[in-house]
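One structure is given below, encoded as structure tokens.
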Amino acid sequence: MALPTIFRRSLIAIALGVTVSGTAAAQERELLNSSYDIARELFAAINPEFQAWWQEEHGEEIAISQSHGGSSAQARAILQGLRADVVTFNQVTDVQVLADAGLVAEDWQDAFENNASPYYSTTAFLVRKGNPKGIESWDDLVKEDVQMVFPNPKTSGNGRYTYLAAWGFAENEFDGDEEQIEEFMRTFLANVAVFDTGGRGATTSFIEREIGDVLISFESEVNNIRKEYGSDDYEVIVPPVSILAEFPVAVVGENAERNGNSDLAQSYLEYLYTEETQRLLAGFNYRVHNEAVVEEFADQFPETELLEVDEVFGSWDEAMETHFEGGGLLDQLQRR
Amino acid sequence: MSQLASWRTGSTRVLPGFGLSMGISVLFISLVLLLPITGLFGQLAELSFAEYWAIITEGRVVASYMVTIGAAAVAAIINAIFGLLLAWVLVRYDFPGKRLLDALMDLPFALPTAVAGITLATLYASSGWMGGLLEPLGFQVAYTWVGIALAMAFTSIPFVVRTVQPVLEDMPVEVDEAAMSLGATDGVAFRRVILPHIWPALVTGTGLAFVRSLGEFGAIIFIAGNMPYETEITALMIFVKLQEYDYAGASAIASVVLFVSLALLLAINIWQGRFVRRLHGGKG
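In order, the protein sequences belong to chains A and B.
Residues in the first sequence are numbered from 1 upward in steps of one, following the UniProt record's numbering.
Residues in the second sequence are numbered from 1 upward in steps of one, following the UniProt record's numbering.
Set out below in structure tokens:
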């Protein structure tokens with residue numbers, strides 16, 4: 001019985017937690033990119049391109065190492081001394097933690113274009129063949145016979161986006177009526193079948209264990225899953241309203257300086273904005289900013305209203321404090 | 001002087017080298033055990049007692065204690081019964097494949113627990129072999145409390161087998177035969193002769209299995225479903241706190257697990273000492 005590759009990969013990923021891989025020769029300069037869990041394949045594709053480009057421009061051979069893990073766990077590792085030169089995360093808050101500790105420049109969001117987020121995504125649904133429960137938007141998810149799978153907002157940034165997107169939808173729907181929003185969210189959370197700790201775990205529950213009617217994850221991820229497991233068995237639904245999920249990048253200034261990699265780190269992140277890389281990113285189902293590429297891939301990304309965390313919730317800090325911290329709204333909504 | 005030397009080296013000295021071996025032992029224990037625990041308490045020091053109390057008595061955390069302790073107790077009882085049976089079979093009978101079965105007993109130690117958890121979840125989910133059979137009958141294992149107990153039983157069974165086995169091995173078959181020849185039935189021979197002999201080992205093994213289950217994370221997390229108040233284990237609560245960069249909170253909950261485990265192990269040790277003394281006292 002051959003295991004599908006995503007499952008096999010996630011198995012290995014889970015077993016090892018964080019893996020550091022790379023090909024480092026003794027003399028070469030080595031850049032360490034600390035990234036989120038599901039970006040393995042993405043950076044495995046980008047890194048050789050950048051290495052070739054750098055070689056051409058500067059005549060220097062460099063090595064790039066990757067470290068992958070949950071984005072908060074990665075930030076924690078850097079706080080505790082992992083000497084990563086750059087971070088490419090899927091959580092603004094996790095970069096902010098590094099900025100608060102002084103490892104990343106305070107104005108990191110202005111250091112690169114588009115809030116230092118070279119690509120973005122949104123939260124979308126993956127449903128089973130033929131969409132038997134007729135799920136098109138967030139209000140279809142609170143129906144009595146619908147069961148959802150998405151990662152635990154307490155342990156996963158991916159899960160937090162899902163929670164915030166649903167909240168944002170409800171806020172529009174009920175015109176900001178707190179009571180109705182909370183009632184909606186309570187039903188929403190009660191329809192969750194399994195709370196896995198991370199995105200790949202949720203995928204396994206939905207695909208391998210056949211739990212639930214809908215998997216909620218990043219649009220990029222659900223598209224990749226569909227490609228991996230057969231386009232005939234699953235359908236991707238992008239709801240008319242969803243949330244903007246930024247994928248922030250930053251140079252870990254202190255580390256890059258100490259490693260003598262400041263120029264390399266800066267170029268590496270700038271390289272993510274080049275047209276070729278943006279095209280590559282779009283190929284991985286991430287939404288990008290480069291206009292030529294956007295046009296080229298227009299069919300692939302349905303238009304949808306993207307809510308911004310800063311607008312709906314004030315700021316990430318506020319969203320974290322009111323919703324996700326111990327005793328916050330999420331805890332209250334799940335209380336019984 | 002000679003008195004001091006005999007105190008230092010103890011009365012059962014055969015080989016020299018007490019000072020060096022004791023020194024290395026203390027250093028090793030300090031580095032491997034005491035230092036991390038000190039670190040844990042260092043993080044606790046950030047909290048006032050009121051804060052500490054609020055964290056460890058929060059509703060969701062308390063619910064997780066219930067789930068964890070309940071499931072660990074069930075797993076420990078199951079392991080006590082089947083672990084004893086397994087040890088008995090391995091010691092008292094010869095059969096083809098005995099060596100293999102013996103080696104298999106260590107598998108839960110050798111296997112990364114996360115792999116065990118994923119495997120169990122695959123088997124017992126409604127799409128899996130076992131789950132497909134059980135679910136139509138109304139038994140749901142994966143993503144319930146039962147699944148948690150199952151994962152705990154899996155990871156901790158070697159503790160019971162491996163503590164009971166050597167004690168049984170030390171007990172010659174002649175003991176059973178003597179009991180029988182004095183008129184004891186099978187049941188009486190087991191209850192009055194064999195069980196008292198292996199009882200301390202069985203209790204220790206079961207206690208270790210229980211304590212191991214309290215701290216297990218990897219194997220359980222994939223089969224638990226992690227629904228708040230229902231199938232969240234205490235180790236997950238610690239993980240959640242760490243995700244929130246709340247080291248002190250994580251340490252606080254961890255300290256509860258640590259205290260409960262230590263208290264239990266200490267209690268078993270004390271009880272065992274008394275039990276053995278009473279057993280020997282009876283002889284004289």
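C-beta: ideal position from N, C-alpha, C; glycine also.
#1: Since Gly69 of chain A is in the beta strand (DSSP E), which residue starts that stretch and which ends it?
#2: Can you find the residues in the same chain that come closer than 6 angstroms, C-beta to C-beta, to Val192 of chain A, ignoring five residues on each side of it along the sequence?
#3: In this structure, how does DSSP classify Asn33 of chain A when only helix, strand and coil are distinguished?
#4: Any contact between the stretch 47-66 of chain B and the stretch 123-137 of chain B? By contact I mean 3 or more CB pairs, one from each, below 8 angstroms.
#5: Is Asp331 of chain A close to chain B? Criterion is C-beta to C-beta, closer than 9 angstroms.
#6: State yes or no: is the beta carbon of residue 312 of chain B nearer than 9 angstroms to at least one beta carbon in chain A?
#7: Name the two residues that bound the continuous beta strand (DSSP E) containing Tyr119 of chain A.
#8: I'd like the span of the alpha helix (DSSP H) that includes Tyr229 of chain A, first residue to last.
#9: If you follow the alpha helix (DSSP H) that Ile267 of chain A is part of, which residue opens it and which one closes it?
#10: According to the Cβ coordinates, are Thr113 of chain B and Ala254 of chain B closer than 9 angstroms?
#11: If you run the structure through DSSP and keep just helix, strand and coil, what is Met227 of chain B?
#12: Report the partner residues of Met148 of chain A according to the DSSP bridge assignment.
#13: What separation, rounded to the nearest whole angstrom, lies between the Cα atoms of Val86 of chain A and Gly205 of chain B?
#14: Helix, strand or coil: how does DSSP classify Glu311 of chain A here?
#15: Please report how far the alpha carbon of Leu47 of chain B lies from the alpha carbon of Ile238 of chain B, in whole angstroms.
#16: Would you report the Cα separation of Thr19 of chain A and Ala189 of chain B, rounded to the nearest angstrom?
#17: With DSSP run on the structure shown, which of helix, strand or coil describes Ser242 of chain A?
#18: What in chain B is Cβ-close to Glu210 of chain A, meaning under 9 angstroms?
#19: Here's the rule: buried if 16 or more other CB atoms are within 10 angstroms of the residue's CB, otherwise exposed. What is Val256 of chain B?
#20: Applying a beta-carbon distance threshold of less than 8 angstroms, which residues of chain A neighbour Phe239 of chain B?
#21: What does DSSP give as the partner residue(s) for Ala250 of chain A in the beta ladder?
#22: Less than 9 angstroms separating the beta-carbons of Gly128 of chain B and Arg209 of chain A?
#23: Round the Cβ separation of Ile62 of chain A and Arg200 of chain A to the nearest angstrom and send it over; I've been treating them as touching at under 8 angstroms.
#24: By Cβ distance, which residues of its chain are closer than 7 angstroms to Ala267 of chain B, with the 5 residues on each side in sequence left out?
#25: Exposed or buried, which one is Ser34 of chain A when buried takes at least 16 other CB atoms within 10 Å?
#26: How would you list, in chain order, the residues of chain B whose beta-carbon sits under 9 angstroms from the beta-carbon of Glu325 of chain A?
#27: Report all residues from its chain with a CB closer than 8 angstroms to the CB of Ala24 of chain A; omit the five preceding and five following residues, and keep chain order.
#28: Interface residues of chain B around Arg335 of chain A at Cβ under 7 angstroms?
#29: Which runs of the alpha helix (DSSP H) fall wholly inside the stretch 130-211 of chain B and span at least 4 residues, in chain order?
#30: Please classify Leu296 of chain A: does DSSP put it in a helix, a strand, or coil?
#31: Whole angstroms is fine: what's the gap from His289 of chain A's alpha carbon to Phe125 of chain A's?
#32: Roughly how far, in whole angstroms, is the beta-carbon of Glu246 of chain A from the beta-carbon of Val92 of chain A, given that I think they are within contact range, below 8 angstroms?
#33: Would you please state the rounded distance, in angstroms, between the beta carbons of Leu100 of chain B and Leu90 of chain B? I believe it to be under 8 angstroms.
#34: For chain A, check one thing: does any of its Cβ atoms lie closer than 9 angstroms to the Cβ of Tyr229 of chain B?
#35: For Ile135 of chain A, which of helix, strand or coil comes out of DSSP?
#36: What does the alpha-carbon distance come out to for the pair Ala250 of chain A and Gln109 of chain A?
Walking through what the data contain:
#1: The sequence position of residue 69 of chain A within the first sequence is 69, counting from 1. Note, Gly69 of chain A: beta strand (DSSP E), Ile62 to Gly69.
#2: Translated into positions along the first sequence, residue 192 of chain A becomes position 192. Same-chain partners within the cutoff: Met148.
#3: Along the first sequence, one-based indexing puts residue 33 of chain A at 33. If DSSP states are grouped into helix, strand and coil, Asn33 of chain A belongs with the strands.
#4: no
#5: Reading the first sequence from its first residue, position 331 is the one you call residue 331 of chain A. Closer than 9 angstroms to some Cβ of chain B, the Cβ of Asp331 of chain A qualifies, so yes.
#6: Residue 312 of chain B lies beyond the stretch modelled for chain B, which goes from 1 to 284, so this question has no answer here.
#7: Taking the first residue of the first sequence as position 1, residue 119 of chain A is located at position 119. Tyr119 of chain A -> beta strand (DSSP E) spans Tyr119 to Arg128.
#8: As a position in the first sequence, residue 229 of chain A is number 229, starting the count at 1. Tyr229 of chain A -> alpha helix (DSSP H) spans Glu219 to Tyr229.
#9: Numbered from 1 along the first sequence, position 267 holds the residue referred to as residue 267 of chain A. According to the sequence displayed, residue 267 of chain A carries Ser and not Ile. Here the alpha helix (DSSP H) through Ser267 of chain A covers Ser262 to Tyr271.
#10: Walking along the second sequence from the start, residue 113 of chain B turns up at place 113. Walking along the second sequence from the start, residue 254 of chain B turns up at place 254. No, these two residues do not count as a Cβ contact at 9 angstroms.
#11: As a first step, residue 227 of chain B must be located in the second sequence, where it is residue number 227. Met227 of chain B falls in the coil class under three-state DSSP.
#12: Taking the first residue of the first sequence as 1, we reach residue 148 of chain A at position 148. The partner list for Met148 of chain A (beta bridge, DSSP) reads A:Val192 and A:Val214.
#13: Numbered from 1 along the first sequence, position 86 holds the residue referred to as residue 86 of chain A. Numbered from 1 along the second sequence, position 205 holds the residue referred to as residue 205 of chain B. C-alpha separation (whole angstroms): 48 angstroms.
#14: As a first step, residue 311 of chain A is located in the first sequence; it is residue number 311 there, counting from the start. If DSSP states are grouped into helix, strand and coil, Glu311 of chain A belongs with the helices.
#15: As a first step, residue 47 of chain B must be located in the second sequence, where it is residue number 47. As a first step, residue 238 of chain B must be located in the second sequence, where it is residue number 238. One C-alpha to the other measures close to 16 angstroms.
#16: One-based indexing of the first sequence puts residue 19 of chain A at position 19. One-based indexing of the second sequence puts residue 189 of chain B at position 189. No answer about Thr19 of chain A holds up, because its pLDDT of 44 lies below 50 and its placement is not dependable.
#17: Here residue 242 of chain A corresponds to residue number 242 of the first sequence, with the count starting at 1. Residue state, collapsed to three classes: strand.
#18: Stepping through the first sequence from its first residue, residue 210 of chain A is reached at position 210. Ala125, Ser126 and Ser127, listed in chain order.
#19: The residue labelled residue 256 of chain B in the question sits at position 256 within the second sequence. Val256 of chain B is buried by the Cβ-count criterion.
#20: Here residue 239 of chain B refers to the residue found at position 239 of the second sequence. Those within 8 angstroms of Phe239 of chain B in chain A are Thr155 and Thr197.
#21: Residue numbering aside, residue 250 of chain A sits at position 250 when the first sequence is read from its first letter. According to DSSP, which records beta bridges pairwise, Ala250 of chain A is partnered with A:Val87.
#22: The count along the second sequence starts at 1 and reaches residue 128 of chain B at position 128. The count along the first sequence starts at 1 and reaches residue 209 of chain A at position 209. Going by C-beta atoms, Gly128 of chain B is nearer than 9 angstroms to Arg209 of chain A.
#23: Here residue 62 of chain A corresponds to residue number 62 of the first sequence, with the count starting at 1. Here residue 200 of chain A corresponds to residue number 200 of the first sequence, with the count starting at 1. Their Cβ separation, rounded to whole angstroms, is 30 angstroms, which puts Ile62 of chain A and Arg200 of chain A out of contact at 8 angstroms.
#24: For the purposes of this step, residue 267 of chain B is identified with residue 267 of the second sequence, where counting begins at 1. There are no such residues.
#25: As a first step, residue 34 of chain A must be located in the first sequence, where it is residue number 34. Under this definition Ser34 of chain A is a buried residue.
#26: Translated into the one-based positions of the first sequence, residue 325 of chain A becomes position 325. Within 9 angstroms Cβ-Cβ: Glu244 and Asp246.
#27: Here residue 24 of chain A corresponds to residue number 24 of the first sequence, with the count starting at 1. The predicted model places Ala24 of chain A with a pLDDT of 43, which falls under 50 and marks its position as unreliable, so this point remains unresolved.
#28: Stepping through the first sequence from its first residue, residue 335 of chain A is reached at position 335. By Cβ distance, chain B contributes Gly59.
#29: 145-169 and 173-181
#30: Within the first sequence, the letter at position 296 stands for residue 296 of chain A. It is worth fixing the name first, because residue 296 of chain A is Glu in this sequence and not Leu. Helix, per DSSP.
#31: Taking the first residue of the first sequence as position 1, residue 289 of chain A is located at position 289. Taking the first residue of the first sequence as position 1, residue 125 of chain A is located at position 125. Each residue's alpha carbon lies about 23 angstroms from the other.
#32: Residue mapping note: residue 246 of chain A aligns to position 246 of the first sequence, counting from 1. Residue mapping note: residue 92 of chain A aligns to position 92 of the first sequence, counting from 1. Glu246 of chain A to Val92 of chain A, Cβ: 6 angstroms. Contact.
#33: Working through the second sequence from its first residue, we reach residue 100 of chain B at position 100. Working through the second sequence from its first residue, we reach residue 90 of chain B at position 90. Actually they are not in contact, since the Cβ atoms of Leu100 of chain B and Leu90 of chain B sit about 11 angstroms apart, beyond 8 angstroms.
#34: For the purposes of this step, residue 229 of chain B is taken as residue 229 along the second sequence, with counting starting at 1. So yes, Tyr229 of chain B belongs to the interface.
#35: To locate residue 135 of chain A, count along the first sequence from 1; it is residue 135. Correct three-state label for Ile135 of chain A: coil.
#36: Indexing the first sequence from 1 puts residue 250 of chain A at position 250. Indexing the first sequence from 1 puts residue 109 of chain A at position 109. When rounded, the distance between both Cα atoms is 8 angstroms.
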